[in-house]
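Chemist:
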Amino acid sequence: MDTIKAIPAYQRIKNAILDNIHSGKWQAGNAISTEMALAEEFGVSRMTVNRALKELSEERVLERRQGSGTFVAQQQFNHTFVEVRNIAQDLKSANRDYQAKVVSKRGITAAMLNDELRRKFGLEKAIKSSELKDATDIRSIKNLDSEAAVLYEVKIIHFADGQPIQFEERWVDALKVPEFIEQDFSVVNTSDYLIAKSPLERGSYTIRALAAPDEIAALLQITAQSPTLVLCRQTYSAGQVLTFVKMWHAGERYQFSGEL
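Numbering (this note's numbering), first residue to last: 66 to 325.
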């Protein structure tokens, strides 16, 4: 994608460390490679490695012990603490035919962010890239007005027996899951993919009844202003918001239920 720049070196190091933790190569309490070893492996300065380790320590993924090294923090980052419902599995378990159609997907730059996304992802007001020392260093200022994508956006219609039942609007931290936008979400479920790449540790959600705007009504094949159930959810990984999603459900075709 044209708008996505190369991932900064410190972020590549962070991603590699997280991959080793999530794959089980480095367990909780294990020492990770030294700064010198990581610098040689990635062909960067120790200062760059230090930044990656410092950020992961602040995110409580790693624990740095003076004179001993850096260790995987004693937390279960390889488990999911948030139950995230998968509509594909729910429909298939109910013996209904399931299909997904991707309406759109794109990278969103800092300049394209609206107030809601800035607030959800903790992104401050975008500043001009000319004011930055390093225009590729997105996460240090969190909002850089450049051509680099800070979020990925996907919009998907989920069908049950050929009838649209849910419209999903999802935004994902582009630096935490850089390959997200490359997936075929007519085959891969978004929640399953995110859990596999960055296990979720907590989340929050709301469910509201809203009249369907024209665009949503057209996608769900219902009359404009018909009732819909809208689930908004944000989930966290390593202490930060990983994804925010809005799921619009045709009110007459969907209900939420559970056991007490």
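Don't be surprised by glycine CBs; every beta carbon is placed ideally from N, CA and C.
Quick caveat, the model's predicted, so the values are computed rather than measured.
Verify whether the separation of the beta carbon atoms of PHE107 and ALA74 is less than 8 Å.
Modeler: Residue mapping note: residue 107 aligns to position 42 of the sequence shown, counting from 1. Residue mapping note: residue 74 aligns to position 9 of the sequence shown, counting from 1. For PHE107 and ALA74, yes; Cβs fall inside 8 Å.
Chemist: Are the beta-carbon atoms belonging to ARG298 and VAL310 less than 8 Å from one another?
Modeler: Against the sequence shown, residue 298 aligns to sequence position 233. Against the sequence shown, residue 310 aligns to sequence position 245. Yes; because the gap between Cβ atoms is below 8 Å, this pair is in contact.
Chemist: Would DSSP call ALA261 helix, strand or coil?
Modeler: Counting from one through the sequence shown, the residue named residue 261 turns up at place 196. In the structure shown, ALA261 sits in a helix (DSSP, three-state: H, G or I).
Chemist: Could you give the first and the last residue of the continuous beta strand (DSSP E) run that contains ARG235?
Modeler: Residue numbering aside, residue 235 sits at position 170 when the sequence shown is read from its first letter. Per DSSP, ARG235 belongs to the beta strand (DSSP E) from 228-238.
Chemist: How many Å lie between PHE250 and SER133 at the Cα?
Modeler: For this step, residue 250 is matched to residue 185 along the sequence shown. For this step, residue 133 is matched to residue 68 along the sequence shown. Between PHE250 and SER133, the C-alpha separation is close to 44 Å.
Chemist: Can you give me the start and stop residues for the alpha helix (DSSP H) that VAL114 sits inside?
Modeler: Numbered from 1 along the sequence shown, position 49 holds the residue referred to as residue 114. That run of the alpha helix (DSSP H) goes 111-123.
Chemist: Report, in whole angstroms, the separation of the C-beta atoms of LYS326 and ALA117, which I expect to be a contact under 8 Å.
Modeler: Absent from the model: residue 326. The displayed extent of the chain is 66 to 325, so no value can be given.
Chemist: With DSSP as the reference, identify every bridge partner of GLY94, one or two as the case may be.
Modeler: Working through the sequence shown from its first residue, we reach residue 94 at position 29. Beta-bridge partners of GLY94 (DSSP): none assigned.
Chemist: What residue does the beta strand (DSSP E) around MET312 start on, and which one ends it?
Modeler: Position 247 of the sequence shown, counted from the start, is the residue given in the question as residue 312. Where MET312 is concerned, the enclosing beta strand (DSSP E) stretches over 305-315.
Chemist: Going by DSSP, what residues sit across from ILE221 in a beta bridge?
Modeler: For the purposes of this step, residue 221 is taken as residue 156 along the sequence shown, with counting starting at 1. VAL167, GLU233, per the DSSP bridge assignment.
Chemist: Per DSSP, which one or two residues make a beta bridge with ARG130?
Modeler: The residue labelled residue 130 in the question sits at position 65 within the sequence shown. Per DSSP, GLY134.
Chemist: CB LEU285 to CB PHE232, shorter than 8 Å?
Modeler: Locating residue 285 in the sequence shown gives position 220, counting from the first residue. Locating residue 232 in the sequence shown gives position 167, counting from the first residue. Yes, they are a contact pair.
Chemist: May I have the straight-line CA-CA distance separating LYS198 from ALA102, to the nearest angstrom?
Modeler: The residue labelled residue 198 in the question sits at position 133 within the sequence shown. The residue labelled residue 102 in the question sits at position 37 within the sequence shown. Here LYS198 scores only 39 on pLDDT, less than 50, and its place in the model should not be relied on; the value that follows carries that caveat. Roughly 28 Å separates the two Cα atoms.
Chemist: Roughly how many angstroms lie between the CA atoms of THR308 and GLU100, to the nearest whole one?
Modeler: Here residue 308 corresponds to residue number 243 of the sequence shown, with the count starting at 1. Here residue 100 corresponds to residue number 35 of the sequence shown, with the count starting at 1. C-alpha separation (whole angstroms): 30 Å.
Chemist: Consult DSSP for LEU296 and reduce its assignment to one of helix, strand or coil.
Modeler: The sequence position of residue 296 within the sequence shown is 231, counting from 1. The answer is strand: DSSP assigns LEU296 an E or B state.
Chemist: Exposed or buried, MET112, counting other C-beta atoms within 10 Å across all chains shown (16 or more means buried)?
Modeler: The residue given as residue 112 occupies position 47 in the sequence shown. Flag for MET112 reads exposed.
Chemist: Across the region 260-267 and the region 82-91, are there enough close Cβ pairs to call them in contact, namely three or more that are closer than 8 Å?
Modeler: yes
Chemist: Excluding sequence positions up to five away, which residues of its chain have a Cβ less than 8 Å from the Cβ of GLN228?
Modeler: In the sequence shown, the residue the question calls residue 228 occupies position 163. Answer for GLN228: GLN286, ARG318, listed in chain order.
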